[in-house]
Amino acid sequence: MGRRELICAFSYSAKRLGAAIYDGEEKEVKMIGDLAEDADFIILARILREFKPTHVLANKSQDEAFQMQLRAECNYYSMCSDSPAFPLGGTQKGFSDSVVDDSMELGTYANEQTTTAPTNDGRGTMSSVGFEDEEGGVEGANPSDAFWHPSLNFLPNVAFGGIFHHLIYSNNTTILCSFGFGLARKRIEQIFGGSDHEKRAIAFRFDFSSSNMIRSLGALFRFLEQQKGVSSSSANSAAVVTSDLRSFIATIGSYILEDCVEVDSVTLRALEIFYSDYNPKSIRQKFVWGNHRREGMSIFKLCNLCRSVPGKQMLRMWFERPSKDRPMLMVRHEAIAYLYQDCNLEVTAHLRTLLKDVTSIRGILKRMRRGNVPISDWKSFFTTLCTLVKIGTYFDEREINMAIVKEKLHFLRDPLKQLTAILIGVIDFTESISENRLVICRGVDPELDKKKQLYEKLPEDLTSVALLEAEDISIESCSVAYVPIIGYLLMVAESTQIPTDTKALVEIIFSSEGMSYYKTNRMRLLDENIGDIKMQIVDAETNIVLNLQKRILDSKEAVLNAVELAATLDCLISLSVVARKYNWTRPKFVEESIVAIEQARHPIAEHICKDGKYVPNPVHSSTEVGKVKVLSGPNASGKSIYLKMVGSIVYLACCGSFVPAQRATIGPISRILSRLYTIDSVLDGMSSFANDLKQVL
Numbered sequence: 026m027g028r029r030e031l032i033c034a035f036s037y038s039a040k041r042l043g044a045a046i047y048d049g050e051e052k053e054v055k056m057i058g059d060l061a062e063d064a065d066f067i068i069l070a071r072i073l074r075e076f077k078p079t080h081v082l083a084n085k086s087q088d089e090a091f092q093m094q095l096r097a098e099c100n101y102y103s104m105c106s107d108s109p110a111f112p113l114g115g116t117q118k119g120f121s122d123s124v125v126d127d128s129m130e131l132g133t134y135a136n137e138q139t140t141t142a143p144t145n146d147g148r149g150t151m152s153s154v155g156f157e158d159e160e161g162g163v164e165g166a167n168p169s170d171a172f173w174h175p176s177l178n179f180l181p182n183v184a185f186g187g188i189f190h191h192l193i194y195s196n197n198t199t200i201l202c203s204f205g206f207g208l209a210r211k212r213i214e215q216i217f218g219g220s221d222h223e224k225r226a227i228a229f230r231f232d233f234s235s236s237n238m239i240r241s242l243g244a245l246f247r248f249l250e251q252q253k254g255v256s257s258s259s260a261n262s263a264a265v266v267t268s269d270l271r272s273f274i275a276t277i278g279s280y281i282l283e284d285c286v287e288v289d290s291v292t293l294r295a296l297e298i299f300y301s302d303y304n305p306k307s308i309r310q311k312f313v314w315g316n317h318r319r320e321g322m323s324i325f326k327l328c329n330l331c332r333s334v335p336g337k338q339m340l341r342m343w344f345e346r347p348s349k350d351r352p353m354l355m356v357r358h359e360a361i362a363y364l365y366q367d368c369n370l371e372v373t374a375h376l377r378t379l380l381k382d383v384t385s386i387r388g389i390l391k392r393m394r395r396g397n398v399p400i401s402d403w404k405s406f407f408t409t410l411c412t413l414v415k416i417g418t419y420f421d422e423r424e425i426n427m428a429i430v431k432e433k434l435h436f437l438r439d440p441l442k443q444l445t446a447i448l449i450g451v452i453d454f455t456e457s458i459s460e461n462r463l464v465i466c467r468g469v470d471p472e473l474d475k476k477k478q479l480y481e482k483l484p485e486d487l488t489s490v491a492l493l494e495a496e497d498i499s500i501e502s503c504s505v506a507y508v509p510i511i512g513y514l515l516m517v518a519e520s521t522q523i524p525t526d527t528k529a530l531v532e533i534i535f536s537s538e539g540m541s542y543y544k545t546n547r548m549r550l551l552d553e554n555i556g557d558i559k560m561q562i563v564d565a566e567t568n569i570v571l572n573l574q575k576r577i578l579d580s581k582e583a584v585l586n587a588v589e590l591a592a593t594l595d596c597l598i599s600l601s602v603v604a605r606k607y608n609w610t611r612p613k614f615v616e617e618s619i620v621a622i623e624q625a626r627h628p629i630a631e632h633i634c635k636d637g638k639y640v641p642n643p644v645h646s647s648t649e650v651g652k653v654k655v656l657s658g659p660n661a662s663g664k665s666i667y668l669k670m671v672g673s674i675v676y677l678a679c680c681g682s683f684v685p686a687q688r689a690t691i692g693p694i695s696r697i698l699s700r701l702y703t704i705d706s707v708l709d710g711m712s713s714f715a716n717d718l719k720q721v722l
């Protein structure tokens, strides 16, 4: 019995991931709207491990780290390198980004395009390609039948061109796929927009603001169309005659990851999570075309008091992905409560002081892998390591009791301390900054030390040689210059006349800026005995630096884990400082269907009220007292602010933050929806009421 057919298409851009999954057995398409993705690609890993698709489609033009992670998750370990892809015929070729015209013959284009793609395994299905070892097996493959190894297809950069396609060959059929947004949207309209009524219904089914999801859908539908349809026999057209895909698609729906709270973009705007229109300063400024108005205060800005770049990035990720994972949220709340206490204010202040020196090192590690690391990167990397070691030492000395940190404290210990000690003993940062290159400390390499000692004595030795040369050549003055790569030269002013009887002792090399440069027997002797000493020192130090880079890259995971721990600390400290500053309290999570909040306040509105006249309000919603509330009142009485307040407090609780209230009890939350902010357009053909319905469908 064959495996269940699951096809998954991914699109990743602007640090957001969208996906579309097709279940061949159920004839179901599941859409995963654009989600914030971090550098570890946690969302990608969760989707792949949850569905374990048989076919994976991805865009080759996307981030290199994304492609590497995708290969690793799909168990293509041997492909986790920058090696070129293998075409289906077994001949190694590179990707071609040539322009594809609709009139180009399929066979011609086929010979130019390659991809890491499946091959025909003889059973009418598609199987993956790996690198064969000497014994004919697939390198990196597990002999177990349970080893998950899907077909992995990367589409080239030309797929973004709108009219361009990519060819994948399977079972003697030609498959054209595209990740272009415009082409994907057009494909969706062709498949599901037969009548005027169906065209209007498309806006209900698909969220076109999730561009990555739409791209994934377009590629998925094109892939399905070619698998289920019949290829064109015309040699003059690259078009493919499709079968009716709708007969292969019974249902289409959205899919939300199990522990994620669903929040659409309109609700994020309405609750002012990341953006607020209120900014008195920008309102007073004159509008100038081309200039963007400054964003007003938002809830994220209010809570973002992080001191480090990794901390700010992680906190934004927390706010972009509110969670239903109660244990994780409670661990965050416990840590904030610990830092919130008066007796721990000294700990909070000291850690904040240290965290400002922690920098993001992922970019540094990438440049290190490429061998292009400036001194500023080395300095930042070294400062970050020293700070992480100080944080670990501080935790060990004070015995700080935070569960979220205690489990990961080993990241700040031995491996990090060893790496820091190596950097201290190897790199001379003072000399490195002055020479604008990495300089190695004394005592690392005896041979290098000898060369440096000789180089330091070189001016004195060359002065002695110059005196001897002046005496032999019978001139009043001269000097010996050492020019890296060229060697040693006798330097004499052009106005100086060399006696006729000694001219045979010198050989002029060149003249520049009023000076003449000569080679003599002593200069040639210096070239042989001392040589290009500066370049020898640079070469020796370069070898040491390369070994040091290898050692650092081998410890990459330990360093990244330590930085992640520091970023987590930074987020928790930031939220604790905000909670203490604005008198926020810890929410209580229960399993009952309830939202009960005492003395609730809107996190932003209370700060912009004149004379501090903001009036707190209670919130009571449960099965006993009713879940539906109808608010009535005159204009400007605060109805909208009250509704935003409820949503904001629940959102903050789902991010792991304290909330602006005297007491808050919150039950299970799966979605947060609102219609307090309207983004209507005549272009989508939907009324305001239709937009309201779309949220609940």
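Sequential numbering from 26 applies to the sequence shown in our numbering.
We put the beta carbon where it would ideally sit given N, CA and C, even for glycine.
Beta-ladder partner(s) of residue i, from DSSP
i, result
"MET56", "ALA45 and SER279"
"LEU376", "Beta-bridge pairing links LEU376 to no other residue."
"MET342", "None, per the DSSP bridge assignment."
"GLY539", "Answer is none; GLY539 lacks a bridge partner."
"PHE179", "ALA83"
"TYR37", "LEU42"
"GLU287", "ARG696"
Own chain partners of residue i with C-beta closer than 6 angstroms, once the 5 adjacent residues on each side are dropped
i, result
"ALA495", "CYS503"
"MET393", "GLN574"
"GLY132", "Because the pLDDT of GLY132 is 33, which lies under 50, any placement of that residue in the model is unreliable, and the number read from its coordinates should be weighed accordingly. Taken in chain order, the list of residues that qualify is empty."
"ILE389", "ASP402 and PHE406"
"VAL570", "LEU463"
"ALA83", "PHE35, LEU95 and PHE179"
"ARG696", "GLU287"
"ARG240", "SER36, PHE204, PHE206 and ALA209"
"ALA565", "LEU473"
"LEU73", "GLU98"
For residue j and residue i, the rounded distance between their alpha carbons
i, j, result
"SER176", "HIS80", "5 angstroms"
"GLU422", "THR593", "20 angstroms"
"LYS761", "ASN660", "No answer is possible for residue 761: it lies beyond the span of the chain, which begins at 26 and ends at 722."
"THR521", "LYS475", "37 angstroms"
"ARG700", "ARG688", "26 angstroms"
"THR199", "SER86", "Residue placement at THR199 is poorly supported in this model, since its pLDDT is 38, which falls under 50; the coordinates still yield a value, given next. If I take the Cα positions, the gap works out to 21 angstroms."
"ILE577", "SER323", "39 angstroms"
"THR610", "VAL603", "11 angstroms"
"SER731", "TYR667", "For residue 731 there is no data in the structure shown, the boundaries of the chain being 26 and 722."
"THR12", "LEU282", "The displayed coordinates of the chain run from 26 to 722. Any statement about residue 12 would go beyond what the structure contains."
"ILE429", "ALA70", "22 angstroms"
"CYS411", "ASP65", "24 angstroms"
"ILE361", "GLU460", "46 angstroms"
"LEU439", "ASN572", "Sequence inspection shows Asp at residue 439; the Leu mentioned does not correspond to that position. Cα-Cα distance, rounded: 20 angstroms."
Cut-off 7 angstroms between Cβ atoms - residues of its own chain near residue i, not counting five sequence neighbours on either side
i, result
"ILE694", "VAL286, LYS349, VAL675 and CYS679"
"TYR365", "SER601, ALA604 and ARG605"
"ASN237", "SER36, TYR37, SER38, ARG41, LEU42, GLY43 and ASP59"
"LEU327", "VAL603, PRO628 and ILE629"
"ALA61", "LYS40, ARG41, MET342, GLU345 and ARG346"
"VAL334", "THR384 and SER385"
Environment of residue i [buried if 16+ CB atoms lie within 10 Å]
i, result
"GLN443", "exposed"
"ARG294", "buried"
"ALA209", "buried"
"GLN92", "buried"
"ASN397", "exposed"
"GLU75", "exposed"
"ASN38", "According to the sequence as given, residue 38 is Ser; it is not Asn. Label assigned to SER38: buried."
"THR545", "buried"
"VAL505", "buried"
"ARG29", "exposed"
"GLN252", "buried"
"CYS368", "exposed"
"ASP595", "buried"
Residues of its chain near residue i, where Cβ-Cβ distance is below 8 angstroms and the 5 sequence neighbours each way are ignored
i, result
"PRO78", "LEU31, ILE32, CYS33, ILE46 and PRO175"
"LYS477", "ARG467 and ILE562"
Residue ranges of each alpha helix (DSSP H) within the region 498–529, 4 or longer: none
Length at least 4, wholly inside the region 379–438: the alpha helix (DSSP H) runs in chain order: 387–395, 400–423 and 428–431
Completely contained beta strand (DSSP E) runs for the region 590–650, where each covers 3 or more residues: 619–625 and 642–647
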